[in-house]
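As numbered in UniProt numbering, residues 1 to 671 make up the sequence shown, in order. Shown next, in structure tokens, is the structure this report addresses.
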Amino acid sequence: MTAPSPAPSPDPFWSPDPEAATTSRIADFGRWVTRHRGVQGAADHTDYAALHRWSVADLEGFWGAVWEYFDVDAATPYEQVLEVDRMPGARWFPGATLNYTHHALRHLGDDRPAIIALDETGAGYEMSGDRLRAQVASVAATLRDLGVGPGDRVVGYLPNTPHAIIAFLAAASLGAVWSVCGQDYAPQAAADRFGQLEPTVLIAGDGYLFNGTTHDRRDAALDLERSLPTLKATVLVDHVGLPWPQGDYPALTLAWEDAVTRTEQLACTPVPFDHPLWVVFSSGTTGLPKGIVHGHGGVLLEHLKTLGLHSDLGPGDRLLWYTTTHWMMWNLVASALLTGATTCTYDGSPAPLARPDVLWDLAARHRVTLFGTSPQYLLGMAKFGIDPSAHDLSSIRAVGCTGSALPASAYPWVRDHVGERVQLASITGGTDVVSGFAGSAPTTPGWAGELSAPHLGVALAAYDDEGSPVVDRVGELVVTRPMPSMPLYFWNDPDGTRFRDAYFGAYPGVWRHGDWITLTGHGSVIVHGRSDSTLNRNGVRLGSADIHEVVERLPEITEALVIGAEEPDGGYWMPLFVVLAAGVALDDSLRDRIRHAVRTGASPRHVPDEILAVSGIPHTRTGKKLEVPVKRLLQGAPADRVVDPSAVDSPELLAFFAGLGAERREARDGT
Ligand SMILES: CC(=O)CC(=O)O
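Written out as structure tokens, the structure reads:
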């Protein structure tokens with residue numbers, strides 16, 4: 001697709017404070033690479049583009065510099081930075097052995113908390129570095145006693161509380177592979193993920209808070225345990241204070257309190273640079289969610305760069321970014337520890353009815369320096385007239401934002417309600433690289449509705465249909481050179497077919513991410529939304545397959561199609577189309593049953609905005625639902641630009657979706 005993109009805005013909306021820019025870590029890094037690597041132009045922090053150009057032209061020089069600048073502490077050194085410079089198949093830092101957990105814990109200081117645990121009631125407690133280290137050591141010893149070793153899987157069914165970070169660091173310290181899923185996921189949805197991993201230990205919470213309700217998840221945790229036959233043990237976490245029932249557990253059970261209170265020394269096991277650290281899941285349109293595996297070294301370097309240089313985090317900083325444990329932002333939030341910053345966990349709704357501004361209140365009281373959220377949250381605050389400036393937000397220097405495209409209207413709102421000097425730092429990236437492709441830095445200007453620039457080390461381009469780079473026109477987001485945090489592989493994909501198909505099918509040797517972007521003539525990046533059919537609800541990517549699966553189990557429904565459509569005003573519309581069984585009518589009671597099935601079979605986040613009956617769902621001739629074409633029709637694209645009708649099983653069905661798209665456009669435009 002190469003539709004004309006919006007005209008770039010010439011004047012920045014926000015410019016860096018010269019003093020803050022000069023003293024930022026990225027400016028220091030630029031001076032360092034000029035001094036130590038002789039890189040011309042990098043010392044001038046007002047010329048971010050020069051630093052970026054070098055970082056992608058000389059990948060070995062750049063990532064070697066990140067390693068040295070952040071003083072990575074390897075047990076054995078690397079032989080070369082990038083031994084194989086190819087996608088897929090890049091090989092980074094062969095010979096190096098190290099451990100992520102060692103790096104997460106080595107900067108803990110006595111003068112500051114390591115984690116601040118917060119929740120929607122406004123409560124919070126601080127966990128010191130010593131306490132965190134002791135608890136990680138204790139849980140690691142417990143896991144080791146349960147037989148967990150390098151490569152074994154430890155999984156968490158947990159809300160966003162310190163337990164998840166502690167369990168993750170403990171597992172990683174042993175070289176075990178971590179995966180976590182929030183408790184708003186139904187046990188079956190969690191089992192679809194964890195079952196693939198054949199885990200040894202499950203760490204499960206008793207429940208979580210959301211919008212004034214304590215959700216009891218003890219039965220769900222036990223259901224999950226029953227569906228994971230490889231478990232040797234389950235560690236039961238008492239978070240919301242519900243007593244765990246005695247008795248009939250299929251695997252050995254331990255109380256978190258016992259796992260966490262042993263007196264042990266932590267010994268992190270050095271593992272190869274590309275040893276698996278975690279599996280994060282991303283749902284596609286068919287089949288089980290895909291398990292994306294990232295490595296210790298790749299995540300360490302990528303997160304040091306993103307959090308240390310782009311987000312300017314270090315000792316003394318405090319990060320509060322609203323996330324759930326199954327979104328990749330949780331992984332970034334945990335990684336703030338790598339920089340020596342304090343990280344915050346938060347259990348609850350981002351804007352509970354009783355205290356919709358609770359996150360701002362907590363940010364003020366705990367002197368947060370980087371506040372992170374999603375576009376939907378900022379737009380919701382604006383829409384409902386919630387004014388964060390009622391709180392003392394003077395500690396906040398940046399508001400991070402990710403999850404979907406951030407409309408221009410959010411920029412003046414943040415300036416007026418959070419602070420004039422506050423940088424609105426929108427980033428785009430994804431689970432797949434567990435980081436950002438583009439965003440900002442303390443040295444980059446910001447244009448409303450645009451991301452300031454591609455991140456360092458990311459060879460970002462927008463490609464047209466022919467695979468040629470375009471500027472100031474909409475194209476596919478591609479990355480033309482390897483990044484160390486690209487997946488090592490997909491779980492249960494022994495010959496790499498699914499992995500190659502996911503990213504390298506469109507342009508051989510080039511990573512295609514599945515987003516539409518415009519790279520502007522002034523160096524910024526505009527994100528237009530997904531070019532594939534992944535759903536993206538309030539920043540959390542959901543697989544349409546999860547919804548289709550539960551809805552299609554209902555006897556009244558023969559087929560279903562859910563679509564997530566980004567709308568020009570920054571809104572997101574997620575309708576569900578259903579084909580009804582003979583003689584069935586779509587009335588309120590059936591709508592309720594569908595919503596209930598989705599809520600309990602997948603999660604409350606998966607519940608669609610609207611349910612509409614259709615006479616049929618269009619497919620490709622090989623039987624795949626036409627998700628992307630239908631999405632584009634709903635967004636108002638003309639049918640002849642969207643799909644070749646000869647490739648569709650029932651092309652006459654497309655007219656309905658095109659008509660609906662036109663109706664919505666007219667309603668919006670008032671024509
Ligand atoms: C950094 C991101 O890109 C987060 C997301 O949208 O999943």
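A virtual CB, placed ideally from N, CA and C, is assigned to each residue, including glycine.
Beta-carbon gap between residue i and residue j smaller than 8 Å
{"i": "L202", "j": "V260", "result": "no"}
{"i": "A186", "j": "A220", "result": "yes"}
{"i": "D347", "j": "Y208", "result": "yes"}
{"i": "T324", "j": "G175", "result": "no"}
{"i": "H310", "j": "G439", "result": "yes"}
{"i": "V551", "j": "I594", "result": "yes"}
{"i": "L51", "j": "A42", "result": "yes"}
{"i": "I517", "j": "V510", "result": "no"}
{"i": "V414", "j": "L378", "result": "yes"}
{"i": "S435", "j": "E302", "result": "yes"}
{"i": "L132", "j": "I166", "result": "yes"}
{"i": "S531", "j": "D546", "result": "no"}
{"i": "T373", "j": "Y322", "result": "yes"}
{"i": "V562", "j": "M574", "result": "yes"}
{"i": "P12", "j": "W330", "result": "no"}
{"i": "H326", "j": "C181", "result": "yes"}
{"i": "A191", "j": "L224", "result": "yes"}
{"i": "L370", "j": "D317", "result": "yes"}
{"i": "G636", "j": "G661", "result": "yes"}
{"i": "L222", "j": "V72", "result": "no"}
{"i": "residue 672", "j": "Y489", "result": "The requested residue 672 does not occur in the structure, where the chain is confined to residues 1 to 671."}
{"i": "Q183", "j": "P159", "result": "yes"}
{"i": "A597", "j": "L554", "result": "yes"}
{"i": "A172", "j": "T101", "result": "yes"}
{"i": "L337", "j": "A104", "result": "yes"}
{"i": "Q188", "j": "G291", "result": "no"}
Opposing strand residues paired with residue i [DSSP bridges]
{"i": "S179", "result": "V155"}
{"i": "V434", "result": "DSSP lists no partner for V434."}
{"i": "I26", "result": "None, per the DSSP bridge assignment."}
{"i": "R91", "result": "V84"}
{"i": "D119", "result": "D347"}
{"i": "G583", "result": "Answer is none; G583 lacks a bridge partner."}
{"i": "N536", "result": "R541"}
{"i": "T234", "result": "L202 and T253"}
{"i": "C401", "result": "T373 and S426"}
{"i": "G523", "result": "Looking at the DSSP assignment, G523 forms no beta bridge with any residue, so it has no partner."}
{"i": "N210", "result": "In the sequence as presented, Asn is not what sits at residue 210; that position holds Phe. Paired residues: T213."}
{"i": "I557", "result": "L580"}
{"i": "M381", "result": "Bridge partners of M381: none, in fact."}
{"i": "L612", "result": "F577"}
{"i": "F281", "result": "G291"}
{"i": "H36", "result": "None, per the DSSP bridge assignment."}
{"i": "P356", "result": "P356 pairs with nothing; no bridge assigned."}
{"i": "W479", "result": "Per the sequence presented here, residue 479 reads as Val, with Trp not at that position. DSSP output for V479 lists L460 and W511 as bridge partner(s)."}
{"i": "P276", "result": "G295"}
{"i": "L98", "result": "V271"}
{"i": "L393", "result": "According to DSSP, L393 bridges with nothing at all."}
Any non-hydrogen atom of ligand 1 within 7 Å of residue i CB
{"i": "M328", "result": "yes"}
{"i": "G429", "result": "yes"}
{"i": "T402", "result": "yes"}
{"i": "G570", "result": "no"}
{"i": "G543", "result": "no"}
{"i": "G436", "result": "yes"}
For residue j and residue i, believed in contact at Cβ under 8 Å, the rounded distance
{"i": "Y69", "j": "W32", "result": "6 Å"}
{"i": "T428", "j": "F437", "result": "6 Å"}
{"i": "L320", "j": "T339", "result": "Going by Cβ atoms, the distance from L320 to T339 rounds to 15 Å, so no, they are not a contact pair."}
{"i": "G564", "j": "L535", "result": "4 Å"}
{"i": "T480", "j": "A459", "result": "4 Å"}
{"i": "A96", "j": "G297", "result": "6 Å"}
{"i": "V293", "j": "W67", "result": "Not really, about 22 Å apart at Cβ, beyond 8 Å."}
{"i": "V648", "j": "P618", "result": "5 Å"}
{"i": "E627", "j": "S533", "result": "3 Å"}
Below-8 Å beta-carbon distance, residue i vs any chain B residue
{"i": "T369", "result": "Considering every chain present, this structure includes no chain B. It has just one protein chain."}
- Any alpha helix (DSSP H) of 4 or more consecutive residues that is wholly inside the region 481 to 518: The qualifying runs are 497 to 504.
- Task: Pick out the complete beta strand (DSSP E) segments inside the region 292 to 348, 3 residues or longer, and give them in chain order.
- Result: Complete beta strand (DSSP E) runs here, min 3: 318 to 321 and 342 to 347.
- Residue ranges of each alpha helix (DSSP H) within the region 637 to 665, 4 or longer: Counting whole runs of 4 or more residues, the region 637 to 665 contains the alpha helix (DSSP H) stretches 639 to 642.
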